[in-house]
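Numbering (this note's numbering), first residue to last: 41 to 320.
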């Protein structure tokens, strides 16, 4: 449904149309609006990706994720429409841009991936050994399909993760500390790549963390990685960054990963999410 709608829009029309601030909008329009509002080599370096966005394979992933979300499944034969992602049971519009956040029922700050797992186990009855829970990376996994669908319902909306609860503030502050902490055999930190404007890895221009209009694209995951032929999540991006700095492997959904995501999201506060994006 979504893929058919987006693919039907001529490229010229996509380029000329104003950005729309809602989950029914085209991610390409959101990106084009950002490009038109600032001067950024980072935003404009992947012209091919922008041209390909109406045919983004992640649009299929959204459709499959919506079907999984609404279908009764698991030993308890219930759907995820009973899951509360922060705005009430079954509400998915606008929830992703307000994550990570504190959930009273768990007493924890959770990102989208952790919340999906929590609801699949507590509501649907899946166990930690089930592939629906264990397999979290790749377009063909239930987890990635669900993430992409739910996140897409925040396309064009401003990042606004809450910082009201003490644990939300603590996570954000811990993420900032990790972002700037040098470690590993190369004495790297996240700021080594993202702390200055115009830095590159080979031919690729890197996003500057102090430029929210660049940073919103950097953190707009799920996105389709062309080079990997898969939709990838925020947690997968964290894992890759950690590996590239040659740190010890990070556990997806761990407090450390949630802290980084909390800080990353805060840096893009107020800028529109581009979901699903396409990346190299």
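We put the CB at the ideal spot given by N, CA and C, even for glycine.
In this chain, residue 160 is not harboured by any beta strand (DSSP E); it is covered by the alpha helix (DSSP H) spanning 152-162. In this structure, residue 143 lies away from residue 190, with their beta-carbon atoms at least 8 Å apart.
The beta carbon of residue 182 sits closer than 7 Å to those of 108 and 172, all from its chain and outside the five residues before and after it, given in chain order. As the crow flies, the alpha-carbon of residue 170 is around 11 Å from that of residue 157. Residue state for residue 89 is assigned as helix, using DSSP reduced to three classes. Three or more pairs of CB atoms, one per stretch, sit closer than 8 Å, so the segment 290-308 contacts the segment 246-260.
Annotated as proximal: residue 314 and residue 70, with beta-carbon spacing under 8 Å.
In this chain, the alpha helix (DSSP H) harbouring residue 210 covers 206-220. Just measuring C-alpha positions, the residue of 293, 271, 97 and 221 sitting nearest residue 285 is 221. The residues 101, 104, 105 and 108, in chain order, have a CB closer than 7 Å to that of residue 185 in the same chain once the five nearest residues on each side in sequence are set aside. A direct Cα-Cα distance of roughly 27 Å separates residue 91 from residue 250. Straight-line spacing of the CA atoms in residue 150 and residue 243 works out to 35 Å. For residue 175, the three-state secondary structure derived from DSSP is coil. Assignment of residue 252 by DSSP, reduced to helix, strand and coil, places it in the helix class.
Residue pairing by DSSP places residue 148 opposite 143 in a beta bridge.
DSSP lists 240 as the beta-bridge partner residues of residue 245.
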